[in-house]
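Beneath this line is the structure, given in C-alpha cells, with notes to follow.
Quick look at the structure:
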C-alpha cells in the first residue's frame, strides 16, 4: 500500500490531470474559438460578415449588405474552407487535440494507479507521469500556435465569410477576437506543468528520505571496519 504522503501527492496530481482532460473535452466540444468581422466591397456597396466558428461548425451571426441586415446561416467548417493548406492545418489541430486528450487520459490513469498502489514497472511511476504531461502540454501548445497561423496567415475567416455570402467580392479588412474555446487551452497547459511539479516534489522528497535512511547504515559499516 502507498504511504499517506504518496496518496495525497498523487491524488492532487490526479485532480490536475483530470481537470486538463476535461478542458480538452470542452475545447473539442465547443465552437467558440473565434469571432471575426470580415468586410468586402463590390461595386458601389460594401458587405460585412460577422461570424463565430470553431474547428467543426461556423455560425454567420450577421450579414450586413448595402445597409440591410440579412439572416445568418450555419454550416460545417470543412464546407467553407476552399484551400488545401487551411483544411490541412484545421485537420492537424483536431488530430493534435485528440492526441492531447489521450495523453491526458493516460496521465490521469497513471496518477490514479499510484494513488492506490505501488506499481512495479518504473514507467508507471513518475517517469510515466512526466512523459504524458509533457506530451499533452507540447501538443496543446502546438494547437495554440497553429490556429492563429490559420487565421492570420491563411485567411481562414475570409474563406468562411465568402461561404456565408455565397458570392465573390473583394476582401477589404478583417477583425479577429479569439474566444473562450481557444484561451482555455492555457489553463490546460498550466495544469500539466502543475502535475509535473507535484510529482517532482514528491519524488525528490522520497529520494532525500531514502538517502537519509542509508546514511546510518553507511556510518555503521565504517564503525565496524574501524573496530
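In the numbering used here, the protein residues as written are 549 to 775. Cβ atoms here follow ideal geometry from the backbone N, Cα and C, with glycine treated the same way.
Beta-carbon to beta-carbon, residue 557 and residue 744 are separated by about 12 Å, too far to satisfy the 8 Å threshold. For the stretch 565 to 644, the full-length beta strand (DSSP E) segments reaching 3 residues or more read 582 to 590, 593 to 601, 605 to 613, 616 to 618, 622 to 624 along the chain. The residues 557, in chain order, have a CB closer than 6 Å to that of residue 750 in the same chain once the five nearest residues on each side in sequence are set aside. Under the DSSP assignment, residue 704 falls in the alpha helix (DSSP H) whose first and last residues are 704 to 713. Here residue 723 has 585 as same chain residues with Cβ atoms under 6 Å from its own Cβ, once five neighbours each way along the sequence are excluded.
A distance below 8 Å separates the beta carbons of residue 606 and residue 623. In this model, residue 687 and residue 593 are separated by some 44 Å (Cα to Cα). When the Cα atoms are used, residue 549 and residue 700 turn out to be separated by approximately 53 Å. Relative to the Cα of residue 645, the nearest Cα in the group 590, 604, 675 belongs to 604. Under the Cβ criterion (8 Å, minimum of three pairs), the stretch 714 to 729 does not count as touching the stretch 655 to 668. Residue 734 sits exposed, since fewer than 16 C-beta atoms from the chains shown fall within 10 Å of its C-beta. When DSSP states are grouped into helix, strand and coil, residue 665 belongs to the coil group. In this model, residue 560 and residue 578 are separated by some 27 Å (Cα to Cα). When the alpha-carbon of residue 569 is set against those of 752, 748, 693, 684, the nearest one is in 684. Secondary structure of residue 652 (DSSP, three-state): helix. Boundaries for residue 722: no alpha helix (DSSP H) harbours it, while the beta strand (DSSP E) harbouring it runs 718 to 726, taken from the DSSP string. Looking at 698, 677, 704, 702, the one whose alpha-carbon comes closest to that of residue 564 is 677.
Secondary structure of residue 555 (DSSP, three-state): helix. Of the other Cβ atoms in all chains shown, fewer than 16 fall within 10 Å of the Cβ of residue 632; this residue is therefore exposed.
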